[in-house]
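K.L.:
In my numbering, the protein residues as written are 4 to 357. Quick reminder that beta carbons are idealized off the backbone N, C-alpha and C, glycines included. Since the structure is predicted, the reported quantities are computational estimates derived from the model, not experimental observations.
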């Protein structure tokens with residue numbers, strides 16, 4: 004009888020809903036805001052929102068604001084109308100005014116390192132020259148100090164919390180400890196006391212593009228290195244429903260005959276990264292479906308055709324188009340394949356924001 008009573012109590016527990024926002028650079032973050040604005044509008048205040056927020060890289064920027072109670076529709080309006088608001092994610096939010104000058108200096112440092120070691124070993128192969136130049140190369144071309152300042156100032160100006168412990172909802176931000184080669188989770192365990200703004204910067208440090216972000220003597224890089232979505236963190240935290248938003252998928256241009264090769268090095272590297280991330284995500288979701296059979300996982304991602312999300316992920320030129328595409332495509336998805344998610348989110352409504 005005790006076992007039956009315990010089982011009945013468990014079945015009557017309020018289900019826990021989680022949101023996992025993957026990385027995707029500037030355009031990916033904009034897409035995620037559009038997605039969440041569509042969900043919020045579709046529920047029209049009837050849904051009870053999410054209990055657990057997991058945000059990686061650009062997704063950590065969005066997740067940290069949503070977990071603080073900022074409505075996605077408000078963010079959408081600020082970004083779409085380019086309003087003078089401390090939460091408006093402009094170029095200066097990521098790149099400080101002197102970023103270009105500093106990047107040129109680091110590029111010059113790289114060329115100097117190659118040249119110096121090439122002259123010392125004229126008979127060596129290119130890989131040997133690169134190996135000898137290792138310690139002379141820069142750690143990255145850009146710093147994330149500007150992003151940390153932007154997040155900290157945005158929290159302060161809106162009266163939001165920069166502390167994981169004081170948030171009304173659970174927020175988890177994964178990153179990679181570079182030297183230990185392992186995933187860490189800010190907002191859990193001994194990393195609960197790290198300011199959210201620092202955690203966001205650490206999770207956003209794309210290797211090579213940005214310098215590793217230091218916190219308390221340790222170096223961290225992008226949480227998307229070797230992982231995609233981090234839906235496992237949500238399931239392990241006890242979520243019954245997990246919505247994963249994955250902005251960057253491999254592109255299959257619709258009706259375009261131009262091969263990826265002809266678009267140059269950046270496009271080839273970007274496409275390879277997207278293929279890698281997509282395969283990681285599919286493998287993770289398949290594994291999690293077996294490990295957590297009672298947890299329902301939902302995935303929202305762009306169509307694999309030409310969309311505003313194909314191009315430089317850290318660029319701002321397509322950011323507003325990605326924002327609107329995220330909203331419009333998600334609205335259509337919610338009225339079709341996403342109907343089961345809507346029904347799940349409408350269970351036991353309360354006034355919390357999405």
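Give every residue of the same chain whose Cβ lies closer than 7 Å to the Cβ of residue 300, excluding the five residues on either side of it in the sequence, and list them in chain order.
P.N.:
Answer for residue 300: 234, 245, 247, 288, 291 and 292, listed in chain order.
K.L.:
Does residue 295 come out as helix, strand or coil in the three-state DSSP assignment?
P.N.:
Residue 295: coil per DSSP, three-state reduction.
K.L.:
Does DSSP put residue 222 in a helix, in a strand, or in coil?
P.N.:
Strand.
K.L.:
Can you tell me where the alpha helix (DSSP H) with residue 214 in it begins and where it stops?
P.N.:
From DSSP, residue 214 is part of no alpha helix (DSSP H); its letter is neither H nor E.
K.L.:
Just checking my contact of residue 241 with residue 19 at CB under 8 Å: how many whole Å lie between their CB atoms?
P.N.:
Contact flag correct, Cβ pair sits at about 5 Å.
K.L.:
Checking the sheet assignment: what are the DSSP bridge partners for residue 174?
P.N.:
Paired residue(s): 56.
K.L.:
Identify whether residue 244 lies in helix, strand or coil by the three-state DSSP scheme.
P.N.:
The answer is strand: DSSP assigns residue 244 an E or B state.
K.L.:
With DSSP run on the structure shown, which of helix, strand or coil describes residue 253?
P.N.:
It is coil, neither helix nor strand.
K.L.:
Check each candidate in 66, 313 and 294 and name the one with the smallest Cα separation from residue 54.
P.N.:
Nearest of 66, 313 and 294 to residue 54, Cα basis: 66.
K.L.:
Quick one: any contact between the stretch 183-191 and the stretch 32-48, if contact means 3 or more CB pairs under 8 Å?
P.N.:
Taking 8 Å as the limit for Cβ pairs, the verdict is that the stretch 32-48 does not touch the stretch 183-191.
K.L.:
Quick one: using the 10 Å Cβ neighbour count with 16 as the cut-off for buried, is residue 269 buried or exposed?
P.N.:
With fewer than 16 Cβ atoms within 10 Å of its Cβ, residue 269 is classed as exposed.
K.L.:
Tell me the DSSP secondary structure of residue 208 in three-state form.
P.N.:
Of the three classes helix, strand and coil, the one that applies to residue 208 here is coil, per DSSP.
K.L.:
So residue 225 and residue 26 are in contact, right, with Cβ under 8 Å, and what is the actual spacing, rounded?
P.N.:
So it is a contact: roughly 7 Å between Cβ atoms.
K.L.:
Report yes if the CB atom of residue 208 is closer than 8 Å to the CB atom of residue 147, and no otherwise.
P.N.:
Yes, they are a contact pair.
K.L.:
Is residue 227 buried or exposed, if buried means 16 or more other CB atoms sit within 10 Å of its CB?
P.N.:
Label assigned to residue 227: buried.
K.L.:
On the criterion of 16 or more Cβ atoms from any shown chain inside 10 Å, does residue 37 qualify as buried, or is it exposed?
P.N.:
Looking at its Cβ environment, which holds 16 or more other Cβ atoms inside 10 Å, residue 37 is buried.
K.L.:
Go ahead and pull the three-state DSSP assignment for residue 8.
P.N.:
Reliability fails at residue 8, whose pLDDT of 49 lies under 50, so the model's placement of it is uncertain and no value is given.
K.L.:
Among all the DSSP beta bridges, which residues are the ones paired with residue 143?
P.N.:
Residue 143 is bridged to 211.
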